[in-house]
Each structure stands twice: as C-alpha cells, then as structure tokens.
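Protein chains in written order, with this note's numbering: chain A, 16 to 374; chain B, -3 to 297.
Ideal Cβ placement from N, Cα and C applies to all residues, glycine included.
Note that the structure is predicted; figures quoted are calculated from it, not measured.
Here's the structure we're looking at; comments come further down.
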Ligand SMILES: Nc1ncnc2c1ncn2[C@@H]1O[C@H](COP(=O)(O)OP(=O)(O)OP(=O)(O)O)[C@@H](O)[C@H]1O
Ligand SMILES: [Mg+2]
C-alpha cells in the first residue's frame, strides 16, 4: 500500500504568535513496500511529517491517502500504523513483554496468539531473554529494539521510524540497520525511516527524500540523488566528506576557479558556484593542469588517501570552509608540502547558479 | 564524611523536631498517660489510682463506642474510594477540555477554602424534607414520596447517605487539584504511543494514567483515609450537636472523644476520652502501615 501526501502543510503557532511552517506544501508519494529514508537537518520537519502520517498531528492543509483510502481525518488508532518514537516512549511501568503485548491486547488478538507473536517479535529483535525487565533496566539500544518490536508486532500497514538508531553505538547501529532492512524486506511493509545521518539514509533506503525548512528538495534513489543533486543544499547534505564548493565564473565555455580552468561547459558566461566531490579530484601525473595546490595534510586510511588543502588567502574562492579535500588512490604516495596538479572528473563537478539551483 | 553529614541533618531538623515534640509528641504521650488514670478529675487534677486496661475495657464495653466505630468505618471505607474515583474521573475530564480547566479548578476548589461546618449547615438545608433542594429534584424526576433525610423521622440509612454525599463532595476539591497537576506531569508521549497502539480511552485511563499517577493516588488515599477516620466537622455541620436522630446515631470516634472530653465534672470520663483517642491513633497507624505495605507491591517506581 502506498502513502500519498497532497499539498500537506502543518503550521505551528508559538506562544508569541509567530508561525512556523514545519511542513510546507508537501506533495509526496511513498511507493508500496519500499523503504524510504526521510533526510534533513535538525528542525526541518521530519518528525512533523511522520506525525502527520501517523495522525498524531492534524494538518492545516492538504490530504493523506493510504492506497485508495483517504485518512486525512482518521484518528491515529484507526490508521493501522507502527511508529517508533524518537525517544522510544516505552511505558515505564510495563515490562518488555507487556510493552510489546499492549497493542495486541487493544486489538483483541486471542491470548495464545498474542503470547506467541510477542515472543517471536522479541526473538526477532534479540530480546527474548529480557522479556520480564522494565525499560529502565535496559540499555538505550535495547529500549530502541523494544520500541521497534512494539511497532511491528501488530503487523501494521505502514511502519514509521523516527531516528530509530540515534542512540546506538556504531557497531549496533550497523547491525540494527541491517536488521531493519531485513525485517522490512521480509514483511514488505511500506516504511518511512527518518534520519539526519545521510550515510545511514543512503545505505538503508530504496529511495531518499531530502527535506529542508519543511520543503521537499529532492526525491530519488540514493545514488541518483547523489550524482544529480538539484541544488547546492542537496549536494552539500549528501556525501562525506562534504562536497568542495568554490566561487567561480564561466567564460567562453570554460569553467574557471581563481582563473584556473577546471572544465568545459556549454553554459553562457556568468558567475557561478562550483561543487566538486572530493573523489572527483584526480592527481594529474603530467602536471599540465593549471588547477594546482600545495598539500597541507595527508590522511591514509586503507585504500584511500585524503589530501587536505588549507586555504589561507583572504580573497579565497572556497566557500564555507577553510579547507577542502580530495580523495585519491593511496598508490600516489603524496606527502605534505608537495604541490599537486588536479584534473576534475566532469561527472563529479556540479555547477550551480548564485541562487543555488543546479544549472 | 557520613557522620558529619548526619550531624548537619540533625541540626537543620532540630527546630522542626522541637516544635513537633511540643505539639505532637507531648500531647500524645500525655493522652497515653491519662488513659491509665483511675477516677481522674481534670479540674482538681486529682486521681484515685492507676489502671492498665480498665479505661480501655470500659470503652470496648460501651455500645456507643461501637456505634462510633461502625459509623467511622462506613465513612472511611465508602467515601474514600468513591471520592478518589470521582475526582480521578473529573480530573481526566478536565484534561480533555483545557479551556474550561482553570474555571473548573476554581469552582471545585471553593469547598476546600470554605468552613466545613458552615457548608454542612448549608447541606442540612438541602437535605430538608420539605424545603430541601434534593427532595425537590427527586420530585421533578418522578419520585413522589418525600424522603426525610436527616429530620425527626429519618433512619440511620438516609442519614448515612446524606453524610456520605456531603463527605465525598467536600473532599473532591483537593483531590481534583492534586490529580490534575499530577496528570500534567505525565509525558504526553505515552498518550501518543497509546493512540498508535490503538488503546481505547478506558484502557488509557486504566493502564496508563492510573499507574503513572499511582504514587499520587497512594498519597491521597493515605491522607484522606486518615482524614475520614477523624471525621467530626461534617457530622456536627449536618446533624448539629445531637449527632443525628435519634441522638448519637451518627456519632464518630472523634465525636465520641469530644463527648467524654467535655464531661469535666464526671470523674474518670477524661480518661475514657484519652483512651479512645489512643485507640483511634492506633487504628490510624495500622491503616497507614497497611497502605504503605500495599504500595510497595502495587505502586510503580
Ligand atoms: N509542538 C510544536 N509547537 C511549535 N513548534 C513546533 C512544534 N513541534 C515542532 N515545531 C517546530 O517545527 C519545526 C520542525 O520540527 P520537527 O520536530 O519536525 O523537526 P525534525 O526534522 O524532526 O528535527 P530533529 O532532527 O531535531 O528531530 C521546528 O522548527 C520546530 O521548532
Ligand atoms: Mg525529529
């Protein structure tokens, strides 16, 4: 079953009468059986979008459809959703067993079946040994898994996860991520996964949705969005290390940074913003390329070497940061103070207008 | 380190402990001692000797005392649970209409700041056979025969019902206030989660609100149980010094204590009062201990 949002808008009015458009005219269709990563910086409206789908918040404008059914006015208890809250919201006075059992009791599932499903769910998230503990006797990660079990046990039509991995350590995070992916594949349940960690979203999602200030920026398969960002915000939000951004100009079909040509284009002459992915900068062994820098730091981790270039000059064309990075093959054996000429892979370079739109 | 801290704690507690010993422990011990006097005349301050259980046995053989016990226990065991349940229900109701919340909090709090003897007298008028509001309403609803609730031809039952209604009504205010503020401290996320988990309103009340309020419910039930065991003002307010019809039919333990306490001229009566006060004290302590023990099992956190 797919989820369709049409012109969905949520406005919060704070105490001093200031209005915040937490979700702004969102048109979005989440395809049936897919896992969608909803991605964006803190405060961009991810949780609000989720709560609108769940029905815990009421939209000011717009509609929500589950498949053919309009659910815009339906109360949350009727929508048949599983939701994992950002801070779990486990009932503190229930044991793990009672927490997982609670939705089944409310749906009047027969006792024996409910018991069975609770146990199976606990096993799925690896908590069958801890069924009689209270939430406060569990670690953050274990609590999160209880919350996932509680959301899944009733076999919901839609599963909504609000930053479900934010409190796990790195290893458990990877593990739980795979686990969620596996459970989602097995159950084929339409899932929305909220996170502000771009790497997490890219690795787990069938498609990602990038959001900013309540507005959807772009939706698509993770690699597509990474390769073809529609604007500077999306380009900067995806990828680690971040894309390098420079002021530049286009003159007679040449893309120039600080007067150094980095590529060719068919765009007309104008001032632009140029983004180059760190892996798009390649060492030019012929040293003919005019795009050259003195290297300040070299970090080698396994296969890759990261070259870090500090830009000290006042009228630097580098935007946002004082350093930029290039990721090259370790075999290049570069040391600090070396002067390196770079060539830019055309597909790793993005040219944006001064308004941030991809040209 | 530990001992030093203890020292400081005692030092800070000293003024409080001093006041408590003067106004609580001393009278208690004094009452205890007086309950062992034989033929005590408080005005002359003379006694005829001592008795260990004499005064207690006399009280236990006094039918009036057992009447007082019966009335007190009926009041405590009915009014406390009923008022707790009602005030919880009202507090939950108030929560769902936040706009009226403030207004109703004031309305419900009025009885709390009003003298209960005065309110009792107003209730006495309401329960009057001929001019009372209650009978007028009942008549409107189609109950033709006027009930004499608390007048010259009333029975123990009607008087007790009137007393219970009054007691519950009078104690609602404070409980509602405490429960409303207690509920405001429950994290809203649990209610969101319960909605997602398809819990009905009743389930939410029974399995989420009540358990999360349980420490407060326990506190309220202990204090109001103690209050009910000490019922007196309401009886005087509603029935006057005759304490019901026939006289003394609505007597409570505290009323019993006052009755004998007032007979200063009769030798030994003062000691009966003291002994019955001590019995009430022991009953109160036993109740608090039982409730404390129950709470260990049933109260969350
Ligand atoms: N109940 C509320 N009242 C007023 N403003 C709110 C309320 N809830 C959220 N907002 C505002 O709406 C915006 C979006 O909030 P939301 O919680 O959806 O962000 P988010 O993307 O989930 O952020 P995070 O990653 O920090 O969880 C924020 O600016 C927030 O301040
Ligand atoms: Mg959030």
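For residue 208 of chain B, the chain A residues whose Cβ falls inside 8 Å of its Cβ are 107, 108, in order along the chain.
Chain-ordered listing is empty here: chain B has no CB closer than 9 Å to the CB of residue 305 of chain A, the nearest sitting near 58 Å. With contacts defined as CB atoms closer than 7 Å, residue 30 of chain B and residue 272 of chain B fail to qualify as a contacting pair. Here residue 127 of chain B carries a coil assignment [DSSP, helix/strand/coil]. Residue-level contact by beta carbon fails for residue 65 of chain A and chain B, as no gap is shorter than 7 Å. About 7 Å separates the Cβ atoms of residue 211 of chain A and residue 55 of chain A, confirming a contact at the 8 Å cut-off. Exposed is the label assigned to residue 8 of chain B, since fewer than 16 other Cβ atoms lie within 10 Å of its Cβ. DSSP places residue 56 of chain B in the uninterrupted alpha helix (DSSP H) bounded by 50 to 56. Non-local C-beta neighbours of residue 67 of chain B in its own chain, meaning closer than 7 Å and more than five positions away in sequence, comprise 246, 247, 248, ordered along the chain. Interface residue (Cβ-Cβ distance to chain A less than 7 Å): residue 195 of chain B is classified as such.
The nearest non-hydrogen atom of ligand 2 is 6 Å or more from the C-beta of residue 36 of chain A. With a cut-off of 8 Å on Cβ pairs, the stretch 162 to 180 of chain B is not in contact with the stretch 151 to 166 of chain A, counting fewer than three such pairs. A distance criterion of 6 Å places the beta-carbon of residue 40 of chain A beyond contact range of ligand 1, judged by its closest non-hydrogen atom. For residue 191 of chain B, the nearest CB of chain A lies under 7 Å from its own CB, placing it at the interface with that chain.
Taken in chain order, the members of the stretch 197 to 231 of chain B whose beta-carbon sits within less than 9 Å of a beta-carbon on chain A are 199, 203, 204, 207, 208, 210. With a minimum length of 3 residues, the unbroken runs of beta strand (DSSP E) contained wholly in the stretch 223 to 261 of chain A fall at 230 to 235. Contact of residue 118 of chain A with chain B is assigned, a C-beta pair being separated by under 7 Å. Fewer than three Cβ pairs drawn from the stretch 222 to 237 of chain A and the stretch 193 to 204 of chain A lie within less than 8 Å of each other, which leaves the two stretches out of contact.
Sequence-ordered contacts of the stretch 86 to 100 of chain A with chain B read 90, 91, 92, 93, 94, 95, 96, 97, 98, 100 [C-beta pairs closer than 9 Å]. For residue 52 of chain A, the distance from the CB to the nearest heavy atom of ligand 1 is not below 6 Å. With a cutoff of 7 Å on beta-carbon distance, residue 188 of chain B and residue 118 of chain A are scored as not near each other. Burial check for residue 59 of chain B: the Cβ neighbour count within 10 Å stays below 16, so the residue is exposed.
Interface criterion not met: the Cβ of residue 180 of chain B is under 7 Å from no Cβ in chain A. Chain order gives the chain B residues near residue 122 of chain A as 194, where near means a beta carbon separation below 8 Å. Chain B places a beta carbon closer than 7 Å to that of residue 104 of chain A, counting this residue as a contact.
Residue 71 of chain A has a beta carbon lying within less than 7 Å of a beta carbon in chain B. With a threshold of 7 Å between beta carbons, residue 155 of chain B makes no contact with chain A. With a contact defined as Cβ atoms closer than 8 Å, residue 167 of chain B and residue 210 of chain B miss out at about 19 Å. For residue 174 of chain B, the enclosing alpha helix (DSSP H) starts and ends at 152 to 180. Taken through DSSP and simplified to helix, strand or coil, residue 101 of chain A comes out as coil. DSSP places residue 207 of chain A inside the beta strand (DSSP E), whose first and last residues are 205 to 210. In the same chain as residue 324 of chain A, and ignoring 5 residues on each side of it, the C-beta atoms closer than 7 Å to its own belong to 308, 310, 311, 338, 339, in chain order.
Contact between the stretch 241 to 249 of chain A and the stretch 80 to 96 of chain A is not established, with fewer than three Cβ pairs separated by less than 8 Å. In terms of beta-carbon proximity, residue 185 of chain B lines the interface with chain A, with at least one pair separated by less than 7 Å.
Here residue 252 of chain A is buried: its Cβ has 16 or more other Cβ atoms, across all protein chains shown, within 10 Å.
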